[in-house]
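Undergrad: Take a look at this one; I'll ask things after.
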Amino acid sequence: MGKMNCWEIKKCGREPGGSKVKDLGVCPAATDSSCTGVNCGEKGGRVCWAVAGTFCGGKIQCSFAQKQVSCMSCEVFKKIKNEEGNKFTLLKTGQIYQTSVR
Ligand code: SF4
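In the numbering used here, the protein residues as written are 980 to 1081.
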């Protein structure tokens, strides 16, 4: 079994062709091609925490800085961090880590 993307782990239906696309549209994690290959993922599927505006929980999430607390306790984050081990990548290419939003 290949490495799963967030929409496969969460079965959220917000990927292209997914069952819930009619609600909010396609989630940016499933379309952000700048993230392809990060943590061996398709688009932002294995770095979704770093993609702004994702649709987890059925509502539009904000930037990484704002959503990091919930993302880092999410099963997706934990599973991918565990699978990638010391090859784990926290941020998108060129992204700067912000501790919090003022
Ligand atoms: S970030 Fe959340 S809502 Fe978006 S595709 Fe991944 S699991 Fe689904």
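All C-beta atoms, glycine included, are put in the ideal place defined by N, C-alpha and C.
Does the beta-carbon distance from Cys985 to Val1055 come in below 7 Å?
TA: On the sequence shown, residue 985 is found 6 positions in, with the first residue counted as 1. On the sequence shown, residue 1055 is found 76 positions in, with the first residue counted as 1. Yes, they are a contact pair.
Undergrad: Between Asn1065 and chain B, is the shortest Cβ-Cβ distance under 7 Å, so that the two count as touching?
TA: Here chain B cannot be found, since the structure has a single protein chain.
Undergrad: For the alpha helix (DSSP H) that contains Asp1002, what are its first and last residues?
TA: Numbered from its first residue, the sequence shown carries residue 1002 at position 23. Unbroken alpha helix (DSSP H) run through Asp1002: Val1000 to Leu1003.
Undergrad: Here's the rule: buried if 16 or more other CB atoms are within 10 angstroms of the residue's CB, otherwise exposed. What is Val1030?
TA: Position 51 of the sequence shown, counting from 1, holds the residue named residue 1030. Label assigned to Val1030: buried.
Undergrad: What is the rounded straight-line gap between the Cα of Gly1004 and the Cα of Gly997?
TA: If you number the sequence shown from 1, residue 1004 lands on position 25. If you number the sequence shown from 1, residue 997 lands on position 18. Each residue's Cα considered, the two are about 9 Å apart.
Undergrad: Just checking, does the region 1014-1032 make contact with the region 1046-1062 on the three C-beta pairs under 8 Å criterion?
TA: Touching, per the Cβ criterion.
Undergrad: Using DSSP with H/G/I as helix, E/B as strand and the rest coil, what is Ser1012?
TA: Taking the first residue of the sequence shown as position 1, residue 1012 is located at position 33. Three-state DSSP puts Ser1012 in a helix.
Undergrad: For Asn1018 and Thr1068, which I take to be in contact (beta-carbon distance under 8 Å), what is that distance rounded to the nearest angstrom?
TA: For the purposes of this step, residue 1018 is identified with residue 39 of the sequence shown, where counting begins at 1. For the purposes of this step, residue 1068 is identified with residue 89 of the sequence shown, where counting begins at 1. The Cβ separation is near 5 Å, so the contact holds.
Undergrad: Alpha carbon to alpha carbon, what distance is there between Gly1024 and Glu1063?
TA: One-based indexing of the sequence shown puts residue 1063 at position 84. One-based indexing of the sequence shown puts residue 1024 at position 45. In a straight line, the C-alpha of Glu1063 is about 14 Å away from that of Gly1024.
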